[in-house]
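In the working numbering, the protein residues as written are 12 to 457.
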Amino acid sequence: MQVQTMTPDRVEGGKNTSALQVLTLFLCFLVVGADGFDVASVGYVAPLLKQSWALSPAQLGPIFGAGLFGLTVGSFLFGPLADRIGRKRVITISLVLFGIGSLACAYAPSPLWLVALRFATGAGLGGAMPNAITLASEFSPARSRALRVTLMFCGFTLGLAFGGAVAALLIPRFGWKGVFLFGGLFPLVLTPIVWIWMPESLRFMARKPRYQAEVRRVMKRLTGDANTPVEQIAPEDAQAGVVRETAIGTLFSQRYRAGTLLLWLAFFCTLWVYYQVSSWLPSVIAGAGIDASHAARVGAMMPLGGTLGSLLNARLMDRANPFFVLAGSYAIAAVSTALIGFSIHEPMWVYVSVFMAGFGLSGAQTAANVLVAGFYMTAARATGVSWALGVGRIGSIIGSMTGGVLLVAFHRVETTFAFFAAPVVIACIAMLVTGRLYRNGSPADA
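This is the structure in structure tokens:
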């Protein structure tokens, strides 16, 4: 059976980038920026929460982990939903739920309430990032997709850095509540902008007759002509000669199974370490006698390094096997993460080591998001991205909740950060194996 669909090379892959493509990438940039700010906010207010409520490091763990657990649940729920109702609709729902939840966190009367509200906030946000990645990938031409999606995802790392700057400004005047208030207002202001101006994915709508009127509206904005001719081509699964499957079934089909499991392992290990370091680094620095504002500035080095690492990886991925590029980035991350513990009392070197850890670790995670967005066919793409991030979030829960336990167990910061680096080595190996299995490209390119 043949259906109408928009050929990416004809519609979205022209020589000139349309204003709608630029707008879509920018709006997705703001969406993932809100996610990045939320991740940063808890880490930067942790020392104040510890002081206000007399919490031990182990008691802070559930506060970190609740939001990440909510993100995990949201990722697994909203991914398949987006493959049914569309990327834009799920992003809008996520922004509303996230904004309301963050505002409520500012008025949490106790640690238990804050844990519950952080879970609700994370669940609402769970569908935003993976669908922003998916939508940005689907509105980018193949020739520069890695670079464009990476530039979009820099919103997350810059959101982390912006979180540090905002925390440094708000904490002296408003305390920890001010950070959560800002984190809630931003997505609520962004919601109507996204609903009005963000387009739905052409690739998603082209296979569904009920979206044909919306397809014409998007085509009008994209090409200037609502009646731009479309080609009659078979769906991706029919082209590949496979039986039509559900989105979830596609992830575990014969041609995707090995890649799915290896990518999940890499995502799990990467976010385990990233959230472990980003969540506990401000507290470790504060424990070394450095004030909270300075600790926020040191923590901001990680996302800034990640921004540069992401851009470099994007360029390299267009020229070499992307799996091997990521493996190299993980190698840099493993060494730099271990060195953070040895430089914690050296003002200059702690900046360098944190920056390089972000360069390798955050740079690799951003590149992995780009990679997985192009790994699956359209009908399973949102689910593939969301579930990979969902598995990664499970790792982030472990990292954020066990960081304090490990700091107490090992006593020495040097030993703890060396242990933090171990999962990065596993992610490096997973990428090397995946690169060997898919040396000729992803299954979606087959």
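A virtual CB, placed ideally from N, CA and C, is assigned to each residue, including glycine.
- A residue is called buried when at least 16 other Cβ atoms come within 10 angstroms of its Cβ; Leu350 meets this threshold and is buried.
- If you draw a straight line from the Cα of Phe430 to the Cα of Ile96, it comes to about 43 Å.
- Three or more beta-carbon pairs separated by less than 8 Å link the segment 308-320 to the segment 173-190, which places the two stretches in contact.
- Annotation: the continuous alpha helix (DSSP H) that includes Gly410 extends over 389-421.
- With respect to the 9 Å criterion, Phe75 and Gly414 are classified as neighbours on the basis of their beta carbons.
- Here Phe130 is buried. Its C-beta has 16 or more other C-beta atoms within 10 Å.
- Note on Ala345: 16 or more other CB atoms within 10 angstroms of its CB, so buried under the neighbour-count rule.
- With a beta-carbon spacing of about 19 Å, Phe370 and Gly403 fall beyond the 8 Å limit used to define contacts.
- Contact between the segment 125-141 and the segment 97-113 is present: three or more C-beta pairs spanning the two stretches fall below 8 Å.
- Annotation for Lys188: the continuous alpha helix (DSSP H) segment containing it runs 156-208.
- Across the set Leu146, Ala115, Leu31, Ser354, the C-alpha of Leu146 shows the shortest separation from the C-alpha of Val43.
- With a 10 Å radius around the Cβ and a threshold of 16 neighbouring Cβ atoms, Phe263 comes out exposed.
- Residue state for Leu66 is assigned as coil, using DSSP reduced to three classes.
- Counting only the Cα atoms, Ala399 lies some 20 Å from Ser289.
- Rounded to the nearest whole angstrom, the C-alpha separation of Val53 and Pro220 is 44 Å.
- In the DSSP annotation of this structure, the continuous segment of the alpha helix (DSSP H) that includes Gln376 starts and ends at 358-384.
- The Cβ atoms of Phe191 and Cys116 sit closer than 9 Å to each other.
- Nearest neighbour of Ser29 by Cα position, chosen from Val381, Pro333, Val229, turns out to be Val229.
- If you check the CB distance, Thr83 and Gly401 come in under 9 Å.
- When Cβ pairs closer than 8 Å are counted between the two stretches, the segment 424-441 is seen to touch the segment 279-286, the count reaching three or more.
- Contact check for Ala378 and Ala325: beta-carbon distance about 7 Å, within the 8 Å limit, so the pair qualifies.
- With respect to the 9 Å criterion, Thr389 and Pro91 are not classified as neighbours on the basis of their beta carbons.
- Listed in chain order, the non-local C-beta contacts of Gly186 below 7 Å within the same chain comprise Leu59, local neighbours out to five positions each way being set aside.
- Here Pro203 is exposed, its C-beta having fewer than 16 other C-beta atoms within 10 Å.
- For Gly189, same chain residues with a beta-carbon under 6 Å away, outside a window of 5 residues either side, are Leu181 in chain order.
- With a cutoff of 9 Å on beta-carbon distance, Ser86 and Ser397 are scored as near each other.
- Boundaries for Phe263: no alpha helix (DSSP H) harbours it, and the DSSP string shows neither H nor E there.
- Taking the Cα of Ile355 as reference, the smallest distance to any Cα among Leu319, Ala338, Phe366, Val424 is reached at Val424.
- Assigned with DSSP and collapsed to three states, Ile437 falls in helix.
- Pairing Val205 with Lys99 gives a Cβ-Cβ distance under 9 Å.
- Residue range 139-149 is occupied by the alpha helix (DSSP H) that includes Asn142.
- In terms of CA proximity to Phe215, Val226 leads the group Ile207, Ser321, Met209, Val226.
- Rounded to the nearest angstrom, the gap between the Cα atoms of Ser411 and Tyr362 is 21 Å.
- The alpha-carbon of Leu448 is positioned some 24 Å away from that of Leu323.
- By the CB criterion at 9 Å, Arg156 and Val381 fall inside the cutoff.
- In the DSSP assignment, Pro122 falls within the alpha helix (DSSP H) that extends over 122-136.
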